[in-house]
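**Q** In the numbering used here, the protein residues as written are 9 to 384.
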Amino acid sequence: MRPVFRLVVASAAFVQLSGGLVEAMGQRLDAAKPLPEGLVLRTGDGFLYAFLEDPDRVSIDTIRRVLESGDGKPAHLVVLTPGHLPLAIQAEIQQRAGTVVEGARFAELARQLGLESMLGEEPRPPSAARPRLLPSAQLLDAAMNRARTWLEWGVPALSLRFYRQAAELKPGFLPAKIGIGRSLLGLGLTEDADRAFTEVIATRPNDLDAWLGKAAVLGARSKPKEEIEVYRALLAEDDARVEVRAHLVAALVELGDWSAARVEVEAMLENTPEDPQLRFLHSVTLTRTGEKDVANRERDEARRLGLSLERETALCLHLGLPAPSPPPSEPAAPLRRAERPRSRATGRAPPARGKPKRPARPAPAAKRGAPHRKRK
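1) So what does Gly46 bridge to, in DSSP terms?
2) Between Pro284 and Ala275, what straight-line distance do the alpha-carbon atoms span, to the nearest angstrom?
3) So what does DSSP say about Phe181, is it helix, strand or coil?
4) Distance check for Phe59 and Ala118, CA to CA, integer angstroms please.
5) For Val109, which three-state DSSP category applies?
6) Taking the continuous alpha helix (DSSP H) assigned at His290, which residues delimit it?
7) Relative to the alpha-carbon of Thr198, which residue among Ala175, Lys222, Lys185 has its alpha-carbon at the smallest distance?
8) Could you check whether the stretch 184-195 touches the stretch 158-169, counting it as contact only if at least three pairs of C-beta atoms, one from each stretch, sit closer than 8 Å?
9) Of the residues Ala165, Ser167, Ala184, which one's Cα is nearest the Cα of Ala174?
10) So Ala306 and Ser291 are in contact, right, with Cβ under 8 Å, and what is the actual spacing, rounded?
11) To the nearest angstrom, how far is the alpha carbon of Gly298 from that of Gln35?
12) Output the distance between the C-alpha atoms of Leu85 and Arg312, rounded to the nearest integer angstrom.
13) Could you check the C-alpha separation between Glu235 and Ile209 for me, to the nearest Å?
14) Distance check for Tyr171 and Asp200, CA to CA, integer angstroms please.
15) Could you check which residue in Leu220, Ala331, Gly54, Leu177 has the C-alpha nearest to that of Arg240?
16) Would you call Ala99 buried or exposed, if buried means 16 or more other Cβ atoms sit within 10 Å of its Cβ?
17) Quick one: complete alpha helix (DSSP H) runs, 4+ long, within the stretch 221-294?
18) If you drop the 5 nearest sequence neighbours on each side, which residues of the same chain put their C-beta closer than 6 Å to that of Pro90?
19) Kindly indicate which three-state DSSP category Val208 falls into: helix, strand or coil?
20) What is the rounded straight-line gap between the Cα of Pro44 and the Cα of Ser77?
21) When the Cα atoms are used, what is the spatial distance from Ser351 to Glu318?
22) Tell whether a beta-carbon distance below 9 Å holds between Pro213 and Glu262.
23) Whose CA, out of Lys41, Val108, Arg104, Met126, lies closest to the CA of Leu25?
24) In the stretch 117-169, which residue ranges form an unbroken alpha helix (DSSP H) of at least 4 residues, counting only runs that do not cross its ends?
25) Give the secondary structure of Asp461 by DSSP, where H, G and I count as helix, E and B as strand, and everything else as coil.
26) Out of curiosity, what's the CA-to-CA distance linking Ala150 and Val250?
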């Protein structure tokens, strides 16, 4: 690998950082290719990792040359850069089912892997390990925490890498296998995801997370009715599974069955009546089932319970609804005379509007040196 690194046009510090990231992630490399903008690595699990130092030098042609580095083999593209790519380049990568890790997230990846010094930062203080954990268990715990973080951040390409790292540290570890399945599903690799969930169910037939993953695979394959059947079967076994009902509501909304979705939302509200997001979703189902007046009151109640405008906007976008308009600002009431603002210099209120008063004529100053006459 070292001769390849020397051929790269990018700075030596960036090449060293890229190599450190690859090594810390435990990647198995099939090939490496230098580019004027950085370095491209192809891994054994079918990924292309493109480390690009200067986003200003990246073009559509760069992305094309990166994909050509895969030698025609199907691969998932992951572009990593310390800067920010232009929107047009980001759109091109996403159109090719790629992933972008840029800016602050690129720096956070380096920090997670203990490479802060390569960013010019002081090393983070070591996190307090859980008591009685062996070093191998600490490594497993760290890999799982990284994997969960990247999955929550919506970067399944990196969460998959860390879940696989955890599975290598502890073969047969079911939470890592379920994480692998979720990451694969997030990447659109439904066949691989289904196999991962099936392996877990073969070991633990009643694993709820694995069954939820199997149902999500059906939804990704455009089989929403079969997905809903799985959720209903799980609820038939245990009606108190809130997470299952939440998945069921999402599937019913995706299917457009608003009447059934309303029934499930109302069942969830029985346990959490003050959840603002549930109240908002309830208002949507009421609107879709023809009860607009009640829906408006329910949306107002959701706002009263703490639903912010930003969160409401995000929910509307997710559901394909028009964004809410901000509440109208009330006009300021005219100030009464006693409430008129005072001058900062004098502390007095300015005179009321109207005919200005003639200023008083100042008394003439006494002449210097003039004798003082006593009044008779």
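Idealized CB from N, CA, C, for every residue including glycine. The structure displayed is predicted, hence computed values, not measured ones.
**A** With the given structure in hand:
1) Leu43, Leu60
2) 15 Å
3) If DSSP states are grouped into helix, strand and coil, Phe181 belongs with coil.
4) Computed Cα separation, rounded: 13 Å.
5) strand
6) 284-296
7) Lys222
8) yes
9) Ala184
10) Going by the sequence as given, residue 306 is Glu instead of Ala. Contact flag correct, Cβ pair sits at about 4 Å.
11) 55 Å
12) 44 Å
13) 17 Å
14) 14 Å
15) Leu220
16) exposed
17) 232-245, 250-263, 266-277
18) Phe114
19) helix
20) 13 Å
21) Residue confidence is low: Ser351 scores 45 on pLDDT, short of 50, so the model does not pin down where it sits. Its coordinate-derived value is still stated next. Near 39 Å, if we compare the C-alpha coordinates of Glu318 and Ser351.
22) Not a contact, by the Cβ cut-off of 9 Å.
23) Met126
24) 143-160
25) As shown, the chain starts at 9 and ends at 384. That puts residue 461 outside it, with no answer to give.
26) 29 Å
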